[in-house]
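Before any comments, here is the structure.
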Amino acid sequence: MRQLHKLIDGHKKFKNSTFENYKSEFQALAKDGQKPKVLFIGCSDSRVSPDLIVRSRPGDMFIVRNIGNFVPPYKLNHDFHGTTAVIEYAVSVLKVEDIIVCGHSHCGACEALYDDSIATDKNLTNVSKWLELGEEAKQNATALCQDNKDKLLETTEKESVKLQLKRLMTYPAIIQLVKDDKLQIHGWYYDIHSGHIYDYDKKHERFEELR
Ligand SMILES: [Zn+2]
Numbered sequence: 052m053r054q055l056h057k058l059i060d061g062h063k064k065f066k067n068s069t070f071e072n073y074k075s076e077f078q079a080l081a082k083d084g085q086k087p088k089v090l091f092i093g094c095s096d097s098r099v100s101p102d103l104i105v106r107s108r109p110g111d112m113f114i115v116r117n118i119g120n121f122v123p124p125y126k127l128n129h130d131f132h133g134t135t136a137v138i139e140y141a142v143s144v145l146k147v148e149d150i151i152v153c154g155h156s157h158c159g160a161c162e163a164l165y166d167d168s169i170a171t172d173k174n175l176t177n178v179s180k181w182l183e184l185g186e187e188a189k190q191n192a193t194a195l196c197q198d199n200k201d202k203l204l205e206t207t208e209k210e211s212v213k214l215q216l217k218r219l220m221t222y223p224a225i226i227q228l229v230k231d232d233k234l235q236i237h238g239w240y241y242d243i244h245s246g247h248i249y250d251y252d253k254k255h256e257r258f259e260e261l262r
């Protein structure tokens, strides 16, 4: 069966069963609008499904997913800044209280940082440019870990989460809200193999299992 047919089939089940069971909840969201208190910045990777791994419900999280769960540095110009616009809206209009940057194991974006062929591939011009947002993580990881390829990738993924947290702090509105204690930012690392999530402990500079 083609994937698309599976999705259409899934929608029929959603419409006839899930939606019916939670009808009042969905209709209240339609009537009252959304008031999510969390912004989730995750990877586009199909294996990292935000609502599934934290069992959140419609209305709970404002979500942006991109290649590598990268945060572009704050920039004011007339270009199109998708992820930046999401962050601005979440912080200034929705007034989220928490931002989660969620990296993950087996991340193709972090692995691609070590693949030189992408830079010369004419079909991947935008991907190559976007991957520059992980370059500093690659440099940090390479300095920390040189032997094992798997360990290097894991280190890159975790260094990247830390790097994206640092970039969030280039947004003037975020700087102010964090200072006023109205916003907290969190760095998570989701392990696809075990299903566990690790939270970056800024004080001890290490990832600890979420509890
Ligand atoms: Zn990824």
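With the first letter of the sequence shown counted as 1, position 188 gets the number 239 in the numbering used here; the numbers rise by one all the way through. Where a beta carbon is used, it is the ideal one built from N, C-alpha and C, also for glycine.
query = Start and end of the alpha helix (DSSP H) containing I104?
reply = Its alpha helix (DSSP H) spans residues P101 to I104.
task = Report whether the distance from the Cβ of V122 to the nearest heavy atom of ligand 1 is below 8 Å.
result = no
inquiry  = Assuming I243 and S156 are in contact, meaning their beta carbons sit under 8 Å apart, how far apart are those beta carbons, in whole angstroms?
reply    = 5 Å
ask   = Does the Cβ of S95 have 16 or more other Cβ atoms within 10 Å, making it buried, or fewer, making it exposed?
value = exposed
inquiry  = Please tell me whether, using a cut-off of 8 Å, the distance from the CB of G246 to the nearest non-hydrogen atom of ligand 1 is below it.
reply    = no
inquiry  = Suppose contacts are defined by Cβ-Cβ distances below 9 Å. Is G238 in contact with K213 by that definition?
reply    = yes
query = Can at least three beta-carbon pairs, one atom from the segment 141 to 152 and one from the segment 181 to 195, be found at a separation below 8 Å?
reply = These segments do not touch.
ask   = How many whole angstroms separate the CB atoms of A141 and F113, which I take to be in contact at a CB cut-off of 8 Å?
value = With a Cβ gap of about 5 Å, A141 and F113 count as contacting.
request  = Mind reading off the beta-carbon distance from Y241 to V99? Whole number of angstroms is fine, and I expect it under 8 Å.
outcome  = With 8 Å as the limit, Y241 and V99 qualify as a contact, their Cβ atoms being about 6 Å apart.
task = Give a yes or no on whether 9 Å exceeds the smallest Cβ distance from L58 to chain B.
result = In summary, chain B is missing from the structure at hand, where a single protein chain is found.
key: Own chain residues within Cβ distance below 6 Å of Y222, not counting five before or after   = These residues qualify, in order along the chain: Y125.
query = DSSP on I138, reduced to helix/strand/coil?
reply = helix
task = Between the Cα of E256 and those of T176, M220, R262 and L216, spot the shortest distance and give me the residue it belongs to.
result = L216
request  = Could you check what DSSP says for L237 in three-state terms: helix, strand or coil?
outcome  = Per the sequence shown, the amino acid found at residue 237 is His instead of Leu. Of the three classes helix, strand and coil, the one that applies to H237 here is strand, per DSSP.
task = Measure the C-alpha to C-alpha separation of Q235 and E76 and round it to an integer number of angstroms.
result = 28 Å
request  = With DSSP as the reference, label D172 as helix, strand or coil.
outcome  = coil
ask   = In terms of alpha-carbon separation, which member of C153, E139, H56 and G119 lies closest to S127?
value = Note that residue 127 is Leu in the sequence shown here, rather than Ser. That would be E139, whose Cα lies nearest to the Cα of L127.
ask   = Taking the C-alpha atoms as reference points, what is the distance between K202 and D232?
value = 35 Å
key: In chain order, each beta strand (DSSP E) run of at least 3 residues that lies wholly inside the segment 66 to 150   = 89 to 94 and 112 to 117
ask   = Would the beta-carbon of V178 be found less than 8 Å away from any heavy atom of ligand 1?
value = no
ask   = How about G154: is its Cβ closer than 8 Å to a heavy atom in ligand 1?
value = yes
ask   = Can you tell me the Cα-Cα spacing of D102 and L195, whole angstroms?
value = Distance from the CA of D102 to the CA of L195, rounded to the nearest whole angstrom, comes to 33 Å.
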